[in-house]
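Those letters in the sequence shown? Residues 1 to 196, per the UniProt record's numbering, in order.
Even glycine gets a Cβ: it sits at the ideal position worked out from N, Cα and C.
First comes the structure, then the notes that go with it.
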Amino acid sequence: MVHTLKEEDLKMEAAFNAKPRKFVVWLFVVSSTIMFGGFTSYYIVFAASKGKGHGLVLPDLFMYSTAVLIASSICLFLASKALKNGNIGSQKLLLWGTLVLGCVFGYLQVDAWGTLFHTGAAFVNNNAAISMIYVVSGLHLLHIFAGLCFVTSTLVGAYMGISAEKSKFRMDIASIFWHFIDILWIYLYVFLLLNS
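Given below as C-alpha cells:
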C-alpha cells in the first residue's frame, strides 16, 4: 500500500527536521566562539609574558574588508526582509550582493596577508603574535567560506522555487551564521587593533 503525504504532513516533517539542523548551527556558533576566545586568550597571555603585542600597523585592507563584511550583512538582512514580504526577486538580488561582497571580503583578506608579508611580517617568525594575525584571520576566512555555502544554498533554493517553509529555514540558517561571522570579524579586528 502506497502512502502519500499530505501538505500538513510535509510541513510537520520539515519543522521536525529543521530544529536539529538549527541546533547544529547554533552549536557550531558556540564552539567557534570558544575556539576564537581561546586564540585571543592565548594572544593576551603571550603578549603579557613578552611585554609586546604584534607591533604592527594593520593594513588598511583589514578596515576596508570590515566595511565590506558589514555591507554584506546588511544585504543579507534585507534579503531576509524581502523573503518575509514575498518579494523573491529582491531576495535573489540581495543574496547575490551578499555573495559578491563575501568574495570581495575574502580577496581583501588575502591581499592584506600579502601586504603584511611584504612589510616583513611573515607567518613564520620569532613573534608568535604576528603569526596569530594570520591564524585568526585565516580561520575566520574558512568560516566565511562556510557562510558563502549557506548563502549559496539559500540562493539556489530561491531559484528552484522551494516551499516557503524551506526557504525561510535556509534564510534563517544563513542569517544566523553570516551575522555571527560578521560580529566575530568585528571583534577580531578591534582586538588586533587594540593589541598592536
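Rounded distance between the beta-carbons of residue j and residue i, thought under 8 angstroms
i, j, result
"Tyr134", "Phe150", "With a Cβ gap of about 25 angstroms, Tyr134 and Phe150 do not count as contacting."
"Leu155", "Lys84", "Not confirmed; about 17 angstroms, so no contact."
"Leu101", "Ser80", "Wrong, their Cβ atoms sit about 15 angstroms apart, outside the cutoff."
"Leu148", "Phe36", "Not quite, the Cβ-Cβ distance comes to about 19 angstroms (not below 8 angstroms), so this is no contact."
"Leu78", "Thr115", "About 32 angstroms; that fails the 8 angstroms criterion."
Residue closest to residue i, alpha-carbon to alpha-carbon, out of the options
i, options, result
"Ala82", "Leu193, Val45, Ser167, Leu194", "Ser167"
"Gly120", "Leu142, Pro20, Leu58, Ser32", "Leu58"
"Asn127", "Thr33, Ser49, Gln109, Gly38", "Ser49"
"Asp182", "Phe169, Ser163, Leu116, Ala146", "Ala146"
"Ser196", "Phe39, Ser32, Ala129", "Ala129"
"Leu56", "Phe117, Leu94, Cys103, Thr152", "Phe117"
Cβ pair residue i, residue j closer than 8 angstroms
i, j, result
"Val25", "Ile176", "yes"
"Thr66", "Tyr189", "yes"
"Ile173", "Arg21", "yes"
Nearest-angstrom Cα separation, counted from residue j out to residue i
i, j, result
"Phe46", "Ser131", "12 angstroms"
"Leu193", "Tyr64", "14 angstroms"
"Ala158", "Ile88", "7 angstroms"
"Phe191", "Gly161", "42 angstroms"
"Trp96", "Met171", "13 angstroms"
"Cys75", "His143", "18 angstroms"
"Tyr42", "Ser137", "15 angstroms"
"Trp113", "Ser163", "42 angstroms"
"Tyr107", "Val68", "11 angstroms"
"Glu165", "Ser32", "28 angstroms"
"Val2", "Lys19", "Low local confidence applies: a pLDDT of 49 at Val2 is under 50, so the model's placement there is unreliable, with the coordinate-based value given in what follows. Roughly 28 angstroms separates the two Cα atoms."
"Phe180", "Phe23", "15 angstroms"
Q) Quick one: complete beta strand (DSSP E) runs, 3+ long, within the segment 43-98? A) none
Q) What runs of the alpha helix (DSSP H), each 4 residues or longer, lie entirely inside the segment 120-144? A) none
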